[in-house]
Amino acid sequence: MDIIDAHMHFSRIDSFARAASEISHVDYSAAGFTRTCEENRVVAAIGMGLTETSPGSFPDIGARSPMLLDLADPWPDRLFGCAGINPIDMRIRGKEAVDALRLALENPRIVGIKLYAGYYPVFVSDEVYDPVYALASEFGLPVVIHGGVTYSDRGLLKYSHPLSFDEAIVAHRNLSFVICHMGEPWVMDTAALIAKCPNVVTDLSGLLVTDAGTIARKSSEPEEMMRWRQPMIFEERYDRFLYGSDWPLAPMDAYLSFIRKMIPEPYHGDVFFRNALRVFPRLSGIWPIDAAFPA
Ligand SMILES: [Zn+2]
């Protein structure tokens, strides 16, 4: 089965490199990316644009917006990206940063825009994001928002709670929004937004940041799986969940097995492939949306 990984990373971030070597034990490099994609039949992977100006500074208020993918140049085949926004930099640089975002969005391999709610202490309904939403609308691209716990103790959770996204989502009903990580641990709050708002989907990345053995053990614990299954059982909207690995924070093969167990088999084609084509229209130019699910 071919897979689209709708949320992973390909940036030189010190804490990601350390997680790769010390926690998930993956080869976090262009070669490692290509090899693990081939082994797991990942035909497209969407990297969340992120940069830091010095090792360990993520979340970095000094990073220039938009933030892209800088682990290797040129990008490997099958890598796509979301342009990451630093709202602090946008406040300082204003039009210059908006123009830089427009330029980035003209690249067909940029398939969406990523907001780092919680990592940056700014609500996604703040007016600094108005030009970002305007460009998302103009280019027909989704807005992907970090939801839930941050992978940094400097994050502030009131900005990444899924319910804090409600206002922006309602104000921009013409846009598609992706809430990352099901807003973990506030997964039922994310489910409420999915139920209410037709323009919201969520990704399944980052639910476990650990090694293959621990992922396998947790996959066989019913209580653990029920935590993640609950928002899916609520209204059974399997058209609104996207597969994502958060690689390198988890090994792709173990994480795929974990999510395969979580999703009832009749919906695998949607969650692992088709939903991503609908949410990221630039990908559907490459794989027609109504094509049969690749065997
Ligand atoms: Zn991530």
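Numbering of the sequence shown is given in this note's numbering, commencing with residue 34 and proceeding in unit increments.
Virtual Cβ for every residue (Gly too), placed ideally from N, Cα, C.
Since we're looking at a predicted model, the values are computed, not measured.
Taking all protein chains shown into account, VAL220 has 16 or more neighbouring C-beta atoms within 10 Å of its C-beta and is therefore buried. Assignment of CYS70 by DSSP, reduced to helix, strand and coil, places it in the helix class. In this structure, LEU104 keeps its C-beta atom at 8 Å or more from the C-beta atom of ARG51. The beta-bridge partner set that DSSP reports for LYS147 consists of GLY117 and VAL177. By DSSP's assignment, ASP236 forms a beta bridge with LEU275. Residue SER48 holds the alpha-carbon nearest to the alpha-carbon of SER87 among SER48, GLU256 and ASN140.
Sixteen is the threshold: since fewer than 16 other Cβ atoms of the shown chains lie within 10 Å of the Cβ of LEU136, the residue is exposed.
Relative to the non-hydrogen atoms of ligand 1, the Cβ of GLY239 comes within a distance shorter than 7 Å of at least one. When rounded, the separation of the alpha-carbon atoms in GLY65 and ASP186 is 28 Å.
By the C-beta density criterion, SER253 is exposed, having fewer than 16 other C-beta atoms within 10 angstroms.
By the Cβ rule, the stretch 186-202 counts as touching the stretch 153-165, because three or more pairs are nearer than 8 Å.
Nearest in C-alpha terms to GLY127, of all of VAL242, TYR162, VAL312 and LEU102, is TYR162. When the Cα atoms are used, HIS58 and ARG250 turn out to be separated by approximately 17 Å.
When beta bridges are read from the DSSP output, MET34 appears opposite no residue. Leaving aside the five residues that flank GLY277 on each side, the residues in its chain whose CB is nearer than 7 Å to its CB run, in chain order, ASP38, ALA39, HIS40, MET41, ASP236, LEU237 and SER238. Listed in chain order, the non-local C-beta contacts of GLU268 below 8 Å within the same chain comprise ALA224, ILE227 and ALA228, local neighbours out to five positions each way being set aside.
ASN207 counts as exposed, since fewer than 16 other beta carbons sit within 10 angstroms of its beta carbon. For MET81, the uninterrupted beta strand (DSSP E) segment begins and ends at 75-81.
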